[in-house]
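To start, the structure itself, in structure tokens.
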Amino acid sequence: MIELIPLLMFAAVCAVLMLGYSVAFTLAGVALVFAGFGIVTGVFEPNLLRTFPSRIYGIMANYTLVAVPLFVFMGTLLEKSRLAEELLENMSRACRSLPGGLGLSVIIVGALLAASTGIVGATVVTMGLISLPTMLRQGYHPSLAAGTICATGTLGQIIPPSIALVLLGDVLSNAYQRAQLSQGIFSPETLSVGDLFVGALIPGLVLVSLYLLYMLLVARWRPTLAPAAPSEERISTGRLWLSLVPVSALIILVLGSILLGIATPTEAAGVGALGAALLALLKGKLDLARLKEVARSTTMTSAMIFTILIGASLFSLVFRGFGGEELVEGFFHQLPGGVFTAMLVVMVIIFLLGFILDFIEITFVVVPIVGPVLLAMGVDPIWLGIMIALNLQTSFLTPPFGFALFYLRGVAPASVATSALYRGVIPFIVLQLLVLCALALWPGLATWLPQQLSL
């Protein structure tokens with residue numbers, strides 16, 4: 323019976339979250355209830371809870387996590403200063419005369435916004451407000467228009483600099499260290515967020531290419547779903563470059579400094595935040611009121627993330643105190659097929675959990691449980707991180723709790739039915755799963771570039 327307590331803990335968290343309670347306090351509350359039960363019945367060591375304050379200090383003193391508020395600030399400022407909106411509007415007008423051109427421009431700009439903001443909600447809302455009405459007026463099918471906007475908005479999950487990769491990199495780094503210690507290996511080598519950023523570049527570009535190919539095929543074989551716009555609505559090349567160059571320069575500055583080894587992701591995040599502020603200032607879009615709004619939004623988002631991280635840390639502590647890690651390790655080692663079957667089971671579980679949980683809950687609850695076991699089995703940490711990140715990306719699109727669907731539903735006109743949103747994202751979910759399968763077959767898609775840059 324005692325061996326089932328970790329499973330009951332996990333099931334209790336999922337059940338309470340589905341009732342709509344706060345993620346952070348659900349994780350901490352469930353952990354405390356089970357810990358109290360374990361102490362009363364004598365099956366949980368109460369001294370384990372004494373280590374929790376040091377865990378909180380470790381989270382607050384974690385240099386890597388400083389990148390989170392900085393990247394949030396950068397993305398929020400680009401959104402609030404309308405720099406991202408201007409880029410999207412001009413790119414859309416430049417490509418409208420092409421068959422499927424408006425859809426292509428939404429995908430391209432979505433990728434650029436992903437590489438400059440890393441915030442899914444901001445990208446989906448921005449493109450939903452600007453592009454969705456235009457796509458509907460131009461004659462795009464509501465499902466295709468909504469699916470394109472939702473899917474491209476989720477590119478912020480995999481294309482660096484991604485907040486999801488920052489959080490996942492920190493969790494996997496701790497898991498990697500525990501896996502080494504469990505094998506008696508005392509190595510200073512760790513997994514860095516920069517490694518995940520580099521490893522995500524090729525899979526991210528492959529996914530963008532598949533999105534573009536899908537839009538081209540739809541425009542070619544079903545032109546009524548993605549018609550071209552009148553040529554007189556096009557924009558001048560000079561005006562297009564005027565909006566494209568600043569954002570592109572910011573992306574190159576942030577990612578280039580990481581890829582070349584000039585700056586760590588945290589330092590690059592600081593550069594990006596400063597660069598976004600300078601761009602907004604040069605455009606005349608930065609004033610005290612807007613800066614207060616950006617600071618407030620950044621503080622709220624960062625506080626939410628760190629509160630969840632603290633709650634998840636308490637849950638992980640109690641889960642391991644009940645022998646949950648040994649239970650998971652024993653289960654994986656008993657599976658036929660070794661590492662392949664273990665990875666398959668984990669990917670399926672994460673995909674299914676994406677229907678009911680957000681990527682943050684999965685990152686902070688599931689990954690610390692399965693990560694050390696998989697890494698101890700010899701799984702490459704960079705490959706594992708990108709596989710999980712791609713899988714988590716689908717959680718934004720899968721009903722009923724896909725957050726990209728909620729974001730777009732909030733700004734979409736009433737004429738676009740919710741069922742149209744659900745139908746529209748299905749082809750893009752399939753494309754994401756295809757890239758996930760390709761990455762499973764060819765791990766080099768994620769590991770080759772980090773290996774080359776480390777030479």
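In the numbering used here, the protein residues as written are 323 to 777. C-beta atoms are modelled at their ideal positions from N, C-alpha and C, and glycine is treated no differently. It should be emphasised that the depicted structure is a prediction, and the values quoted were computed from it without experimental measurement.
DSSP state of residue i, grouped into three classes?
| i | result |
| --- | --- |
| R404 | coil |
| H463 | coil |
| R377 | helix |
| A698 | helix |
| A389 | helix |
| P305 | This structure leaves residue 305 out entirely; the chain is present only between 323 and 777. |
| L513 | coil |
| T474 | helix |
| P658 | coil |
| K607 | coil |
| P455 | helix |
| D492 | helix |
| S717 | helix |
| R612 | helix |
| A585 | coil |
| S565 | helix |
| A734 | coil |
| F366 | coil |
| W705 | helix |
| W770 | helix |
| L761 | helix |
Taking Cβ positions, are residue i and residue j nearer each other than 8 Å?
| i | j | result |
| --- | --- | --- |
| T744 | V447 | For the record, residue 744 in the displayed sequence is Tyr; it is not Thr. No, these two residues do not count as a Cβ contact at 8 Å. |
| L454 | A468 | yes |
| V515 | T398 | no |
| L490 | I710 | yes |
| V695 | E651 | yes |
| L529 | Q754 | yes |
| L392 | M449 | no |
| A590 | I580 | yes |
| G676 | C472 | no |
| V442 | F750 | no |
| A334 | V352 | yes |
| L435 | L601 | no |
| L535 | L513 | no |
| V670 | G700 | no |
| V593 | V576 | yes |
| G646 | I691 | yes |
| L761 | A768 | yes |
| T445 | G475 | yes |
| V520 | P765 | no |
| E408 | S565 | yes |
Are there 16 or more other CB atoms within 10 angstroms of the CB of residue i, so buried, or fewer, so exposed?
| i | result |
| --- | --- |
| C759 | exposed |
| Y379 | exposed |
| R642 | buried |
| H655 | exposed |
| R415 | buried |
| P368 | exposed |
| T720 | buried |
| I574 | exposed |
| P328 | buried |
| E648 | exposed |
| G578 | exposed |
| T363 | exposed |
| G295 | Nothing about residue 295 can be reported from this structure: the residues present for the chain run from 323 to 777 only. |
| V640 | buried |
| G425 | buried |
| S438 | buried |
| D492 | buried |
| V616 | buried |
| Q499 | buried |
| S717 | buried |
| P658 | exposed |
| L763 | exposed |
| V738 | buried |
| V390 | buried |
| K614 | exposed |
Quick one: measure Cβ to Cβ for residue i and residue j, integer angstroms, because I've assumed they're closer than 8 Å.
| i | j | result |
| --- | --- | --- |
| L518 | I704 | 7 Å |
| L532 | L756 | 7 Å |
| I632 | I381 | 6 Å |
| T348 | L339 | 6 Å |
| A595 | M396 | 5 Å |
| V714 | T685 | The amino acid at residue 714 is misidentified as Val; the sequence shows Leu. About 7 Å separates the two Cβ atoms, so the contact holds. |
| A742 | P464 | 4 Å |
| T621 | V388 | Incorrect: roughly 14 Å between the Cβ atoms, too far for contact. |
| L636 | A350 | 5 Å |
Between residue i and the ligand ATP, is there a pair consisting of the residue's CB and a ligand heavy atom that are separated by less than 7 Å?
| i | result |
| --- | --- |
| F654 | This structure does not include the ligand ATP; it has no bound ligands of any sort. |
Checking contacts by CB at 8 Å: is residue i closer than that to chain B?
| i | result |
| --- | --- |
| R500 | No chain B appears in the structure shown, which is made up of a single protein chain. |
**Request:** Starting from the N-terminal side, write out each stretch of the alpha helix (DSSP H) that is 4 residues or longer and does not extend beyond the region 646-691.
**Result:** Within the region 646-691, the complete alpha helix (DSSP H) runs of at least 4 residues are 646-656, 661-675.
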